[in-house]
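Please read the structure below before turning to the comments.
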Amino acid sequence: MSNPYPGYFISFEGIDGAGKSTHIEAFGELMKTRYPDRELVLTREPGGTVLGEQLRELLLHTPMHLETEAMLMFAARREHIAQVIEPALLAGKIVISDRFTDASFAYQGGGRGLSLDRLNHLEQWVQGRPDGSLLQPNLTILFDLPGSIAEARRSKVRAPDKFEQMDLNFFEKVRQEYLRRAKADPQRFHLVDATQTQDVIWHGLQSLEIPL
Ligand SMILES: Nc1ncnc2c1ncn2[C@@H]1O[C@H](COP(=O)(O)OP(=O)(O)OP(=O)(O)O)[C@@H](O)[C@H]1O
Ligand SMILES: Cc1cn([C@H]2C[C@H](O)[C@@H](COP(=O)(O)O)O2)c(=O)[nH]c1=O
1 MSNPYPGYFI SFEGIDGAGK STHIEAFGEL MKTRYPDREL VLTREPGGTV LGEQLRELLL
61 HTPMHLETEA MLMFAARREH IAQVIEPALL AGKIVISDRF TDASFAYQGG GRGLSLDRLN
121 HLEQWVQGRP DGSLLQPNLT ILFDLPGSIA EARRSKVRAP DKFEQMDLNF FEKVRQEYLR
181 RAKADPQRFH LVDATQTQDV IWHGLQSLEI PL
């Protein structure tokens, strides 16, 4: 079901190091140029609110039970939706989020092995609307990259957080769950072959049709 909001919601997804952050701001600028009448909200998960950023600190640096981790991801998301995403969409804005619920299915589900049933329940709770539909991005841009290439790219830039310390097998499972979800919902997902050069990827993003 399509979103009933006048705004438009885009999420960027992919395993750590796939190249989302490299492109997200430029993509936001592109949206501003293309749709000057629309305000843009650039945000991220976990995060996007004061509480969400505090939860992000905990989630990225503190070991915890898998179910605690999943519930905190969704708690941060609930706050994000209530304070940022839904008001912006109701006001007709374009929202671009660096990650959303697909990340929970990919990381806590595919990567760590939490049952998809549990995640579906949390998703219903947090994103369910009175008419029974779910708040979902209109478009999800998935940067797909083998874990080994992402690992090499990551190691050049920064000290790893809790997730980035996971091994290749973890990231391959995360990647496969992202790909499974993309295959199950081809209308929402746009798959980017992130092995390509930044220029080629950027060119592809520029020619993406956004039905606004
Ligand atoms: N197409 C590309 N080819 C080669 N290197 C790239 C490409 N895209 C991004 N990089 C480099 O890879 C590194 C990781 O990119 P980036 O930070 O954008 O990944 P990310 O998906 O946002 O990761 P995270 O989710 O962990 O924040 C950066 O050093 C970036 O310059
Ligand atoms: C939303 C969300 C995120 N994660 C993980 C994925 C990443 O490793 C970090 C966020 O770091 P980034 O540099 O901003 O990409 O959090 C997760 O495991 N589950 C989620 O729902």
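Per full-length UniProt numbering, the very first residue in the sequence shown carries number 1; after that it's consecutive. Cβ atoms here follow ideal geometry from the backbone N, Cα and C, with glycine treated the same way.
Residue i and residue j closer than 9 Å at C-beta
i, j, result
"T101", "R77", "yes"
"I96", "F12", "yes"
"L142", "V200", "no"
"L30", "Q198", "no"
"E25", "K93", "no"
"G17", "L168", "no"
"Q136", "F9", "yes"
"G113", "L66", "yes"
"F74", "W125", "yes"
Limits of the unbroken alpha helix (DSSP H) element including residue i
i, result
"F27", "K20 to R34"
"I201", "Q198 to Q206"
"V50", "V50 to H61"
Alpha carbon of residue i to alpha carbon of residue j, nearest angstrom
i, j, result
"R34", "W202", "15 Å"
"E53", "V174", "23 Å"
"Q108", "V41", "26 Å"
"F171", "K20", "16 Å"
"I85", "G47", "12 Å"
"E151", "M71", "27 Å"
"P130", "K32", "32 Å"
"G7", "A91", "7 Å"
Spatially closest choice to residue i from the options, by CA coordinates
i, options, result
"P4", "G128, T62 and G17", "G128"
"E69", "G14, L179, F105 and K183", "F105"
Three-state secondary structure (DSSP) of residue i
i, result
"D193", "strand"
"I149", "helix"
"I85", "helix"
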